[in-house]
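Some notes on the structure that comes next.
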Amino acid sequence: MPYYRRVGEVPRKRHVQFRRPDGGLYAEELMGEEGFSSDSSLLYHRHLPTAIVKAEAVAIEPQVPGSLTPNLPLTPRHFRTQDLSSAGDLVAGRMTLAGNNDVRLSYATSDRPSGLYRNSKGDECVYLQSGAARLETTYGALDVAEGDYVVIPTGTIHRWVPQSTVNILVIAASGHIRPPRRYLSQYGQFLEHAPYCERDLRSPQEPLIEEGEEVPVLVRTRGGLTRLVYRNHPFDVVGWDGCLYPYAFNIEDFEPIVKRTHAPPPVHQTFEGPGFVVCSFMPRPLDFHPEAVPIPYNHHNVDSDEFMFYVGGDYSARAGSGIDVGSISLHPAGFTHGPQPGAVEAVIEAGATHTSEKAVMIDTFRPLDLGGDALSCEDPGYAWTWAR
């Protein structure tokens, strides 16, 4: 994160004695990235965060729907998340849509609390398509709702507590998810040209204390899944400070950048991760040059696959394709894509001045393989809609 936060009780200096009311020492824990060379936070626990009493490997059942297969034959795809249903919670019930060695994209819908979970493989960015939930973490709690991106740093113990039925898209990285570097000063402050800033970010405001003994936490690493049982509840942090913590950013706070003629997707970029970017398409004025074509041109980005999650508004450029709210399109490298036939003429004739579309896009720089869960809700006729 680009700026410093302090929550709860912390000592005046780092790495000095910090005592509990009974005279014992609080246990200091450093959560840091890139081997002490990047952002970090110091957390102060009532109990030792190292005290585990049991560890067991979690067998991964054969994942027929959760496995990944190459996108062959190479075609554009349309998946309808409206047709997916989950039997689990927002962690255990995730359904695999697509992925590669850099990122895995999944979808979940649930109204059930999850167990405690720690992803030590990489950061997660969770987009709430609908519903409301409370994210409880070692740093404190965050109340989140429709339209929120929630960025959870690697190694953060957390659980999801839905307040209603929640639908989420999960972007699970192999490394760290951050604001684009071009939006930040050399010291980490958001610059004036950035489409959002520090005021738009929400993070835990107070500690979350919970008592308990022999508490299980599901831990994901590059080697697989382990269930660690901690002697004391990990939500025992009385205070923390630093620049690394979970935070929420609502898509409605993204300020679109517009041009007189059509602007390419990088103007919509919201986050960057290893081998991918996340973009937010929001309602905005259309291109206003007197001869502008106010919808996207046909394009073939030879270095990336485009994964687009349609979350609100009207998609006039996709009329006749079957795309609707809840749809996901995948346009792979190797395929030229663009507006549906007749869409350009229709928009020019209508004299449209604004678009109401709202979408979350993930562009990856290595090909995306397909998840069995995505294939189970695929529209098989989508690839041929440009030829009608």
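Counting from 1, one number per residue, gives the positions in the sequence shown under the working numbering. Cβ atoms here follow ideal geometry from the backbone N, Cα and C, with glycine treated the same way.
Nearest-angstrom beta carbon gap, residue j and residue i [assumed within contact, 8 Å]
{"i": "residue 107", "j": "residue 84", "result": "6 Å"}
{"i": "residue 242", "j": "residue 41", "result": "3 Å"}
{"i": "residue 368", "j": "residue 307", "result": "6 Å"}
{"i": "residue 271", "j": "residue 179", "result": "6 Å"}
{"i": "residue 216", "j": "residue 140", "result": "Wrong, their Cβ atoms sit about 21 Å apart, outside the cutoff."}
{"i": "residue 98", "j": "residue 90", "result": "Wrong, their Cβ atoms sit about 19 Å apart, outside the cutoff."}
{"i": "residue 102", "j": "residue 274", "result": "5 Å"}
{"i": "residue 159", "j": "residue 113", "result": "7 Å"}
{"i": "residue 244", "j": "residue 355", "result": "Actually they do not touch by this definition, with Cβ atoms about 36 Å apart."}
{"i": "residue 226", "j": "residue 56", "result": "7 Å"}
{"i": "residue 2", "j": "residue 189", "result": "6 Å"}
{"i": "residue 219", "j": "residue 120", "result": "6 Å"}
{"i": "residue 166", "j": "residue 110", "result": "6 Å"}
Buried/exposed call for residue i, threshold 16 Cβ in 10 Å
{"i": "residue 240", "result": "buried"}
{"i": "residue 122", "result": "buried"}
{"i": "residue 224", "result": "exposed"}
{"i": "residue 52", "result": "exposed"}
{"i": "residue 332", "result": "buried"}
{"i": "residue 391", "result": "Residue 391 is absent from the model: the chain starts at 1 and stops at 388."}
{"i": "residue 18", "result": "buried"}
{"i": "residue 20", "result": "exposed"}
{"i": "residue 269", "result": "buried"}
{"i": "residue 45", "result": "buried"}
{"i": "residue 62", "result": "With a pLDDT of only 45 at residue 62, under 50, the local geometry of the prediction cannot be trusted, and no value is derived from it."}
{"i": "residue 349", "result": "exposed"}
{"i": "residue 124", "result": "buried"}
{"i": "residue 330", "result": "buried"}
{"i": "residue 77", "result": "buried"}
{"i": "residue 185", "result": "exposed"}
{"i": "residue 312", "result": "buried"}
{"i": "residue 252", "result": "exposed"}
{"i": "residue 162", "result": "buried"}
{"i": "residue 36", "result": "exposed"}
{"i": "residue 305", "result": "buried"}
{"i": "residue 357", "result": "buried"}
{"i": "residue 48", "result": "exposed"}
{"i": "residue 72", "result": "exposed"}
{"i": "residue 387", "result": "exposed"}
{"i": "residue 327", "result": "buried"}
{"i": "residue 70", "result": "exposed"}
{"i": "residue 302", "result": "exposed"}
Residue i in three-state terms, based on DSSP
{"i": "residue 337", "result": "strand"}
{"i": "residue 19", "result": "strand"}
{"i": "residue 112", "result": "coil"}
{"i": "residue 87", "result": "coil"}
{"i": "residue 146", "result": "coil"}
{"i": "residue 372", "result": "helix"}
{"i": "residue 291", "result": "coil"}
{"i": "residue 388", "result": "coil"}
{"i": "residue 354", "result": "strand"}
{"i": "residue 10", "result": "coil"}
{"i": "residue 96", "result": "strand"}
{"i": "residue 158", "result": "strand"}
{"i": "residue 260", "result": "coil"}
{"i": "residue 302", "result": "coil"}
{"i": "residue 266", "result": "helix"}
{"i": "residue 382", "result": "helix"}
{"i": "residue 182", "result": "helix"}
{"i": "residue 132", "result": "strand"}
{"i": "residue 141", "result": "strand"}
{"i": "residue 346", "result": "helix"}
{"i": "residue 81", "result": "helix"}
{"i": "residue 366", "result": "coil"}
{"i": "residue 319", "result": "coil"}
{"i": "residue 282", "result": "coil"}
{"i": "residue 360", "result": "strand"}
{"i": "residue 331", "result": "strand"}
{"i": "residue 164", "result": "coil"}
Residue-level contact to chain C via CB, residue i, 7 Å cutoff
{"i": "residue 293", "result": "Looking for chain C here will not work: only one protein chain is present."}
beta-carbon residue i near the ligand SAM non-hydrogen atom, thresh 6 Å
{"i": "residue 137", "result": "Although the ligand SAM was asked about, the structure shown includes no ligands whatsoever."}
The segment 20-32 / the segment 211-218 touching (three or more Cβ pairs under 8 Å) = Cβ pair count under 8 Å is below three, so no.
ask   = Unbroken beta strand (DSSP E) runs of length 3 or more, entirely within the segment 22-78: which are they?
value = Uninterrupted beta strand (DSSP E) stretches at least 3 residues long and entirely within the segment 22-78 occur at 27-32, 40-45 and 52-57, given in chain order.
message = Three Cβ pairs or more, each shorter than 8 Å: is that satisfied between the segment 6-15 and the segment 149-163?
response = With a cut-off of 8 Å on Cβ pairs, the segment 6-15 is not in contact with the segment 149-163, counting fewer than three such pairs.
query = Does the segment 341-349 touch the segment 316-327, meaning 3 or more C-beta pairs lie closer than 8 Å?
reply = The way I'd put it, the segment 316-327 does touch the segment 341-349; three or more beta-carbon pairs between them come closer than 8 Å.
ask   = Quick one: any contact between the segment 227-240 and the segment 124-132, if contact means 3 or more CB pairs under 8 Å?
value = Inter-segment contact for the segment 227-240 and the segment 124-132 is absent: fewer than three beta-carbon pairs are separated by less than 8 Å.
query = Going along the chain, which unbroken runs of the beta strand (DSSP E) with 3 or more residues stay wholly within the segment 184-257?
reply = You should have 213-221, 224-232, 237-242 and 247-250.
request  = Pair every Cβ in the segment 197-204 with every Cβ in the segment 164-176, then say whether three or more of these pairs are closer than 8 Å.
outcome  = As far as the Cβ criterion goes, the segment 197-204 does not touch the segment 164-176, which means the pair count is below three.
inquiry  = Check whether the segment 357-365 and the segment 72-86 touch, using three or more Cβ-Cβ pairs below 8 Å as the test.
reply    = Because the criterion of three Cβ pairs below 8 Å is not met, the segment 357-365 and the segment 72-86 do not touch.
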